[in-house]
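Below you'll find the structure, written out as structure tokens, and then a few comments.
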Amino acid sequence: MANTLKQELAVLNDVKQQRAELQEQVEGLESECKQLTETNAHLTAELAKQKAAIDSLNSSQIQDKWRREELQQEGQSQKKRIAELEAKNTELQGFCDSQQQQINALNEAQPGTEKQQELGFEMQDKTNSILRLEKAQATLQQENQQQAATISELTQVRQQKSCCRPRWNNRKPVRLPCKKKSSIWKSWSAPSAGNWMCSTKPSRTRWLGRRLALPQ
14 MANTLKQELA VLNDVKQQRA ELQEQVEGLE SECKQLTETN AHLTAELAKQ KAAIDSLNSS
74 QIQDKWRREE LQQEGQSQKK RIAELEAKNT ELQGFCDSQQ QQINALNEAQ PGTEKQQELG
134 FEMQDKTNSI LRLEKAQATL QQENQQQAAT ISELTQVRQQ KSCCRPRWNN RKPVRLPCKK
194 KSSIWKSWSA PSAGNWMCST KPSRTRWLGR RLALPQ
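Residue numbers for the sequence shown follow the working numbering, beginning at 14 and rising by one.
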């Protein structure tokens with residue numbers, strides 16, 4: 014009888030020690046989740062700045078190539094930081110899975126313990142928080158890729174050599190490439206929707222192709 018009591022006491026002591034370790038791990042996960050939340054907030058602020066910079070680029074038609082290169086470098090830097098955060102999230106996800114397995118084993122050994130159930134709920138909450146953070150970071154990465162593509166398209170459009178300028182009502186003029194550098198075409202007409210023509214005389218016209226429009 015005494016040996017049985019000693020064995021049960023030893024099992025209870027082991028369970029208490031495992032609970033204390035799990036509590037420390039839960040606190041560590043809370044700290045990691047807080048850091049990830051702060052990092053996501055910082056990335057969101059940086060993305061807002063980048064969007065504002067692109068809007069300014071569209072409105073003022075900035076021609077400074079150094080500024081465009083700086084924006085592209087910022088986009089690349091954000092991509093690297095998001096990749097690092099994704100790797101960190103994957104590591105945390107594996108850690109949470111291992112801890113969940115330990116909690117399940119404890120629940121099977123000592124079913125009905127309220128403290129173990131509470132720890133299991135806390136670990137599940139942390140796992141769900143990390144999954145939400147991963148989804149938010151994937152969305153940020155997709156938006157950064159779209160912004161980088163927009164910057165590249167703007168750069169290509171503005172670097173084209175041009176000599177013709179269409180007259181658009183209520184819109185800023187956009188330079189279009191001329192086929193013949195020796196000609197200075199002055200008059201413009203729109204024979205069909207979405208198409209422009211450039212000519213030296215009203216009776217003689219040259220086909221220029223579909224008009225180029227800045228990305229919205």
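The C-beta atom is built at its ideal place from N, Cα and C for all residues, glycine as well.
Residue i beta carbon near the ligand NAP (any heavy atom closer than 8 Å)
i, result
"GLN137", "Looking for the ligand NAP in the displayed structure turns up nothing, as the structure carries no ligands at all."
Where residue i falls, given that 16 or more other Cβ within 10 Å makes a residue buried
i, result
"LEU98", "buried"
"GLY222", "Its pLDDT being 42, under 50, GLY222 is placed unreliably by the model, and nothing is read from it."
"ASN141", "exposed"
"VAL24", "exposed"
"LYS139", "buried"
"LEU22", "exposed"
"GLY88", "buried"
"THR17", "exposed"
"GLU91", "Inspection of the sequence shows that residue 91 is occupied by Gln rather than by Glu. Buried is the call here."
"GLU51", "exposed"
"SER205", "Reliability of the predicted coordinates at SER205 is poor, the pLDDT of 43 falling under 50, and no value is obtained from them."
C-beta contact flag for residue i and residue j at 9 Å
i, j, result
"LEU49", "GLN115", "no"
"LEU153", "ILE67", "no"
"GLN112", "GLN30", "no"
"GLU156", "LEU60", "yes"
"LEU56", "GLN106", "no"
"ALA149", "ASN26", "no"
Residue from the options whose Cα sits closest to the Cα of residue i
i, options, result
"ALA151", "THR163, ASN102, ALA162", "ASN102"
"PHE134", "ASN117, LEU146, ARG145, ALA149", "ASN117"
"CYS109", "THR17, LEU119, LEU42", "LEU42"
"VAL28", "ALA65, LYS93, LEU119, ARG81", "LEU119"
"ARG158", "LYS93, LYS19, TRP79", "It is Gln, not Arg, that sits at residue 158 in the sequence shown. Here the closest residue by C-alpha is LYS93."
Close Cβ partners of residue i (< 7 Å) along its chain, the five nearest in sequence each way excluded
i, result
"GLN85", "ALA161, ILE164"
"LEU70", "LEU167"
"ARG81", "ILE164, THR168"
"CYS46", "LYS139, SER142, ILE143"
"MET136", "VAL39, CYS109, GLN112, GLN113, ILE116"
"GLN20", "none"
Sequence-distant residues of the same chain with beta carbon closer than 6 Å to residue i, five excluded per side
i, result
"GLU147", "ASN102"
"GLN63", "GLN160"
Minimum Cβ-Cβ distance from residue i to chain B less than 9 Å
i, result
"LEU105", "No chain B appears in the structure shown, which is made up of a single protein chain."
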